[in-house]
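**Q** Pasting a structure below so you can have a look.
Residue numbers (my numbering): 1 to 106.
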């Protein structure tokens, strides 16, 4: 499972593997011994995922959720993710940058 650079702790990775058989693939930082540069596709995908989560938190205020039940929480989160996906689809169909969410859709 791919993980963020924050999960570099060997003890944490070993504990996760022993308890759940989950092996984390963590990119190493440039200043670490044994650093190997990741492939372009993995770097691009990781950057895209970080951008997407940042946009969800900032522009769609995904952390602010005033749901009263789990179903309400689930529906609100899914609605925000669906809105993001629809905006990306509209940008892709109009040959615009899909990362740019603050533009006029018209």
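Every residue, glycine too, gets a C-beta built ideally from N, C-alpha and C.
By alpha-carbon positions, which one of 69, 79, 54 and 76 ends up nearest to residue 99?
**A** Checking every option, the nearest Cα to that of residue 99 belongs to 54.
**Q** Cα separation between residue 14 and residue 90?
**A** Cα to Cα, residue 14 sits roughly 43 angstroms from residue 90.
**Q** At the level of alpha carbons, what is the spacing between residue 72 and residue 36?
**A** If you take the alpha carbons of residue 72 and residue 36, they lie about 44 angstroms apart.
**Q** Quick one: is residue 26 near chain D, going by C-beta distance under 8 angstroms?
**A** Structure shown: chain D not included; a single protein chain is present.
**Q** Provide the residue span of the alpha helix (DSSP H) that contains residue 50, from first to last.
**A** Residue 50 -> alpha helix (DSSP H) spans 40-58.
**Q** If residue 84 sits next to residue 60, beta carbons under 8 angstroms apart, how far is it from one beta carbon to the other, in whole angstroms?
**A** Residue 84 to residue 60, Cβ: 6 angstroms. Contact.
**Q** Measuring only the C-alpha atoms, how far is residue 46 from residue 27?
**A** Going from the Cα of residue 46 to the Cα of residue 27 covers about 10 angstroms.
**Q** Please classify residue 87: is it buried, with 16 or more other beta-carbons within 10 angstroms of its beta-carbon, or exposed?
**A** Residue 87 should be labelled buried.
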